[in-house]
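Peer 1: Residues are numbered in the working numbering as their position in the sequence shown, beginning at 1, plus a constant of 774. My questions will all concern the structure given below.
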Amino acid sequence: MRVQYGRDPVEWKPMSTVGSGVREFRIRTGNGVFRVIYTTKIADVVHILHAFQKKSQKTDPRDMDLARQRFKALQRQL
C-alpha cells in the first residue's frame, strides 16, 4: 500500500541487477520471508515483476532471471 501512494516500503533495496529503477521489498510472516521485485518508474504504475518465497540466504538465479525477462518485456511494451 505504501508503494501505491508513492512512499517507500519499510524494508526495501534497489535491484539494479534486474534493471534501472527496479526495487525489492521483503515481507516477513510466520510462514517465512517473501520477496517482491517491482518498479514504479514506468508510466507511474506499480509493476510487480516477480514475487516469491525466499528459502535460502542466496536468491535463486532463476528468480532474478525471471524478473529481468519481465522487466525487459515491460520496457518493450511501452
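Ideal Cβ placement from N, Cα and C applies to all residues, glycine included. As the structure is a prediction and not an experimental result, all values here were calculated from the model.
1) Let's see if you can read the secondary structure: which residues bound the beta strand (DSSP E) around Tyr817?
2) Cα separation between Gln831 and Phe845?
3) Thinking C-beta only, is Gly793 closer than 9 Å to Thr814?
4) Rounded to the nearest angstrom, how far is the Cβ of Arg797 from that of Met789, given a contact under 8 Å?
5) Going by the CB atoms, is the gap between Ala847 and Ile856 shorter than 9 Å?
6) Pull up the distance between the alpha-carbon of Asp818 and that of Asp782, whole angstroms please.
Peer 2: By the coordinates alone:
1) For the purposes of this step, residue 817 is taken as the residue at position 43 of the sequence shown. One point to set straight first is that residue 817 is Ala, not Tyr, in the sequence displayed. Element bounds for Ala817: n/a, residue is neither H nor E.
2) In the sequence shown, the residue the question calls residue 831 occupies position 57. In the sequence shown, the residue the question calls residue 845 occupies position 71. If you draw a straight line from the Cα of Gln831 to the Cα of Phe845, it comes to about 24 Å.
3) As a first step, residue 814 is located in the sequence shown; it is residue number 40 there, counting from the start. As a first step, residue 793 is located in the sequence shown; it is residue number 19 there, counting from the start. Contact flag unset, no.
4) Counted from its first residue, the sequence shown places residue 797 at position 23. Counted from its first residue, the sequence shown places residue 789 at position 15. With 8 Å as the limit, Arg797 and Met789 qualify as a contact, their Cβ atoms being about 6 Å apart.
5) Nothing in the structure corresponds to residue 856, since the chain is present only between 775 and 852.
6) Against the sequence shown, residue 818 aligns to sequence position 44. Against the sequence shown, residue 782 aligns to sequence position 8. Whole-angstrom Cα-Cα distance: 14 Å.
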